[in-house]
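For the sequence shown, this note's numbering assigns the number 111 to the initial residue and increments by one for each residue that follows.
Just so you know, even glycine gets a beta-carbon here, dropped at the ideal spot from N, CA and C.
This report concerns only the one structure given below.
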Amino acid sequence: MIPASRPRLAVLSVVVAAMLAGLVVRIWYIQVNSASAYAAQATSERVRQVIEPPVRGPILDDLGSPVVSSHPALVISVSMPTLWKLSDGGVSVLRRLAALLRIKPRTMTREVRLCTVGVGQPCWPGSPYQPIPVAEHVPPDVALQVLEDQRLYPGVTAAIQPVTHYLQPVSANLSQVLGYLQPITASELKAEGLPVTGFSAVDLVGQAGLEQEYDRQLRGIPGVQRLAVNASGQVTGTLSTVKPRAGDFLVTSINAALQQDTITALTNAVRKSQFAGSPTSNGGAAVVMTTTGRVLAMASYPSYNPAVWTGGISQREFTRLFSTADGEPVLDRVTQGQYAPGSTWKVTSVAAAVAAGYSLNGTYSCPGGVTIGGHTYQNDGNPSLGPMSFYTALVVSCDTVFYQLAYDIYLRDRVRADDVISPHAPVQEMQKMELGWGFGRTTGIDLPEENPGSVPTREWLYYFWKDNAHKGQNWCKFGRENGSYAQQIEWQDCRYGNVWTAGQSVIASIGQGYVSVTPLQLARAYAALANGGTLYSPRIGEALISPSGKLVAAITPPVAGHLPVAKSTLAYIRHALAGVVTSGTAAGTFGGFPLGRVCVAGKTGTAKGSGTQSTSVFASFAPCDHPKFVVVVMIPNSGFGAQVSGPAVRQIWDGLFGLEGHKAALPGGVLPGLPHLNKAGQVVPPAGFAPAPAKPAKHGKQAGRP
111 MIPASRPRLA VLSVVVAAML AGLVVRIWYI QVNSASAYAA QATSERVRQV
161 IEPPVRGPIL DDLGSPVVSS HPALVISVSM PTLWKLSDGG VSVLRRLAAL
211 LRIKPRTMTR EVRLCTVGVG QPCWPGSPYQ PIPVAEHVPP DVALQVLEDQ
261 RLYPGVTAAI QPVTHYLQPV SANLSQVLGY LQPITASELK AEGLPVTGFS
311 AVDLVGQAGL EQEYDRQLRG IPGVQRLAVN ASGQVTGTLS TVKPRAGDFL
361 VTSINAALQQ DTITALTNAV RKSQFAGSPT SNGGAAVVMT TTGRVLAMAS
411 YPSYNPAVWT GGISQREFTR LFSTADGEPV LDRVTQGQYA PGSTWKVTSV
461 AAAVAAGYSL NGTYSCPGGV TIGGHTYQND GNPSLGPMSF YTALVVSCDT
511 VFYQLAYDIY LRDRVRADDV ISPHAPVQEM QKMELGWGFG RTTGIDLPEE
561 NPGSVPTREW LYYFWKDNAH KGQNWCKFGR ENGSYAQQIE WQDCRYGNVW
611 TAGQSVIASI GQGYVSVTPL QLARAYAALA NGGTLYSPRI GEALISPSGK
661 LVAAITPPVA GHLPVAKSTL AYIRHALAGV VTSGTAAGTF GGFPLGRVCV
711 AGKTGTAKGS GTQSTSVFAS FAPCDHPKFV VVVMIPNSGF GAQVSGPAVR
761 QIWDGLFGLE GHKAALPGGV LPGLPHLNKA GQVVPPAGFA PAPAKPAKHG
811 KQAGRP
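Structure below.
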């Protein structure tokens, strides 16, 4: 330890020299008799408490390569409570500091203002009592000048603090999944029972994604040193020391190479649809997971560089992230996007029909159209294909087979309950099956934000009507019996919106109408179909490893339920989906694909919307006989499933197995074991695997890992 009597210059010089020599400084010496912001408030007149920040754990991919890491850098911070006590409110100090750092005074003022109502970005969202970082990667001579002349820079400190590295391109490809760090608020400090450390980069918490979900494990625990001081403030001894505990390493199941292939395929598909005349197509989602619930890649388009959050995001950047005109890049469409699944939904309708007594060996008619309740529902393209089995109905995706099945089941399904006057109305038979496949509720993935989608049960319809008849869309206020077409629909919905109709049942059977799913829900359901009926709660995290190399926790996708479907029915459906790719609606999409090497089964989906292009959907699994992986792509407002999402799915399969000139992300479909830490604390990739080379890291103005 450096003696307390040594001048501050010598203390900082040692620290800076260590940093310049490439050492990571983990123990921070604090002179409590100075004006430094390192010292916390006194616990008594003769005792001072010093907080030592912990190292926040890194986030790694499946091979142990860092996705988010960090390094120490000199950071200049400002304590606003100190400046507020000055005669001019600290204006002159901020101007002087701006000149020293060679930034505009206006920029400095905006960096330190608090985020309150009406204040745009950038602003400080944390506690006003925390030091506010205004510059990082500061040259040592600038830091020394600040510390040595506190008369000119009262309330300004220089300290070595953590600065985040975002490894590219994987971090930008995973931005919504990773989340971001932001200064902890006063309410969060109280709720978590945490001390204000005085280190702005340590007083950060995860506010979204994995950073939020695993914040407690990644954050670590600050150390505390209690020092005895005399009346003049000089340190006379150390009373107790509790060293900081570094945060755990979070190993994910994300494969960086497969993630790159997935975002590339998705991006190409969205842009292709735009060039083909779908200007409203501005987003999409793709997910790759094992049939046991392990997420290997998760892509949402558009994406963004998560470094924009560090050190205070600008108003322009903030607006772009949340702007629908820019595609709302902050939205994780895999877990939060809710889209009609189209014909990929028909697997649940076959299961519902069999449960209702229809035979897998039966024959069902496929006319060009059927009239139900005075309305004619057409087969897509209006072909009349004659009698067929369920197998063929799935392979060629005949809508009218499912219309007739849905109507027949509807007529026998407690029709008196269809005038829904209570949320306790019984669930319809087809919707009961859909709920059994995990739809209409969240999957429980290890991310903090997820939408449930919608299965239009009678209960759901009741609340939907209650929420919109007199509130929300306010049908009863704006509806007119003899008004415009839209007003007439609202008038009808006001009076009869709580009635479950034959038409709604028919449309729901092909994954349209009120039906919506997230891409992750669809992937989970197809994983259950592929694995024989087990629904898993997906997981991105794979393990937590302590800095000493001990396995703290193995993270395994828990079983969330089982499909209410016989294994023989599931096998029948899987066989039909293999036929979709070889001779059905996806045969053109997979023409020339080496199915002899990797047999892919799947289902196309094209969900038509009012006044927009169709949502393109493709759900698939492989290999056909012993499925290990599932790939799902959903792109709203883009076109047909076989023409937009289908080619993207094919490209992802190419990347996973190394087909058609692609390099295999997982050669032979073999998953890696866990990486581990050696005695030097370095991450070692799993045996037989080498980490993919990463591009240089990018970092922001300030962040939270040493």
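Straight-line measurement puts the Cα of V464 at about 8 Å from the Cα of T679. Partner residues in the beta bridge of W234, as assigned by DSSP, are L224.
Secondary structure in the stretch 600-678: the alpha helix (DSSP H) runs of 4 residues or longer, each lying completely within the stretch, are 612-618 and 629-641 in chain order. Excluding its 5 nearest sequence neighbours in each direction, P215 has C-beta neighbours in its own chain below 6 Å: R205 and A208, listed in chain order. Short of 7 Å from the beta carbon of K738, and not among the five residues preceding or following it, lie these beta carbons of its own chain, in chain order: T400, T401 and G779. By the 16-neighbour rule on beta-carbons within 10 angstroms, T217 is exposed.
Under the three-state reduction of DSSP, F385 is assigned to helix. At the C-beta level, G563 and T628 come within 7 Å of one another. Residue state for T454 is assigned as helix, using DSSP reduced to three classes. For C476, the enclosing beta strand (DSSP E) begins and ends at Y474 to C476.
Annotation for K587: no beta strand (DSSP E) segment contains it, though the alpha helix (DSSP H) segment containing it runs W585 to F588.
If one requires a minimum length of 3 residues, the beta strand (DSSP E) runs lying completely within the stretch 155-190 are 157-162 and 176-188, in chain order. CA-CA distance, L184 to L277, rounds to 21 Å.
With fewer than 16 other Cβ atoms inside 10 Å of its own Cβ, F432 counts as exposed. One thing to note: V740 has its Cβ within 7 Å of the Cβ of Y636. DSSP places P215 in the helix class (H, G or I) of the three-state scheme.
P533 sits away from E560, with the two beta carbons spaced by 7 Å or more.
Nearest Cα to G771 within the set V754, V418, N747 and F703: F703. Between A503 and the set Y682, D198, G706 and Q622, the nearest pair of CA atoms involves Y682. K789: not part of any beta strand (DSSP E); DSSP gives it neither H nor E. From the listed residues L766, G749, A253 and V157, the smallest Cα separation to A386 is found for G749.
Distance from G621 to G452 at the Cβ level is roughly 5 Å; contact confirmed, criterion being Cβ atoms closer than 8 Å. Shown here, Y572 sits in a helix according to DSSP, grouped into three states. Cβ atoms of P164 and I423 stay farther apart than 8 Å, at about 25 Å. Only residues of its own chain outside the window of five on either side were considered, and among them L291, Q292, P293, I294 and G814 have a CB closer than 7 Å to the CB of L314, listed in chain order. Each residue's CA atom was taken as its position, placing Y595 and D528 some 25 Å apart. Where R336 is concerned, the enclosing beta strand (DSSP E) starts and stops at G333 to V339.
Taking the Cβ atoms as the reference, G330 lies roughly 6 Å from R166, within the contact range of under 8 Å. The criterion of a C-beta distance shorter than 7 Å is satisfied by A379 and A758.
Bridge pairing for P293: L314 [DSSP]. In chain order, W585, C586, C604 and G607 place their CB closer than 7 Å to the CB of A579, counting only its own chain and leaving out the 5 sequence neighbours on each side. In its chain, beyond the 5 residues on either side, A367 and G765 have a beta carbon closer than 8 Å to the beta carbon of K773. Under the Cβ criterion (8 Å, minimum of three pairs), the stretch 645-661 counts as touching the stretch 343-362. Contact annotation, V266 with V188: C-beta distance approximately 6 Å; criterion of less than 8 Å satisfied.
In this structure the stretch 473-485 does not lie against the stretch 685-692, because fewer than three pairs of beta carbons, one per stretch, are closer than 8 Å. According to the DSSP assignment, S410 belongs to no alpha helix (DSSP H) but to the beta strand (DSSP E) extending over V405 to Y411.
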